[in-house]
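In the UniProt record's numbering, the protein residues as written are 1 to 231.
Every residue, glycine too, gets a C-beta built ideally from N, C-alpha and C.
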């Protein structure tokens, strides 16, 4: 029916007619009615164009929304991925920290063991020093005892020697006394012998003096020859 109306509008030779829905017969339209129909049709075309532009805009909006959704999804994915990477990094850092802590603990344990070993060595050294000191003290005491004993022995020997000397002196004194008694008996003969010995000694001294004078003269002869005093 619409197609028929369009044909009637554009064809001037035929009168424009509108079919009523209630009746099958068409009736002729007045000019003002025809104008209203044309106006409605033109406005309908305008509205149809507007509808098309609206549809295009809607499509564009939908596309934009889809793009935005895609971008959001990508961003979410990126964020998620970034978050996962950060979490992985954090986990790795935590693992590294744990490893470092374990290493530090091991080092501390080693240091403690070394300190304990050093303390044990120091204790052993102290014990050895104490033992050495004790041994030295014992040796010193033994040496003191030896020295004391030696001194006592030496003193005993000295006392014995002194006693022997005293005995010898007493014996000598006794012998001298006996000799004196004998000398007193033969004193005249001994005096004569002593006088003769004294005379001989005096004669010997005179001879020595003469020899010394001769030697001095012999020494003076070369000096006198040089001076021309020697005849």
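Own chain residues within Cβ distance below 6 angstroms of residue i, not counting five before or after
i: residue 25; result: Its pLDDT being 45, under 50, residue 25 is placed unreliably by the model, and the measurement read from it follows with that caveat. Closer than 6 angstroms at the Cβ level, and outside the excluded window around residue 25, lies no residue.
i: residue 148; result: none
i: residue 118; result: none
i: residue 89; result: none
i: residue 71; result: none
Close Cβ partners of residue i (< 7 angstroms) along its chain, the five nearest in sequence each way excluded
i: residue 217; result: none
i: residue 212; result: none
i: residue 219; result: none
i: residue 181; result: none
i: residue 176; result: none
Cut-off 8 angstroms between Cβ atoms - residues of its own chain near residue i, not counting five sequence neighbours on either side
i: residue 66; result: none
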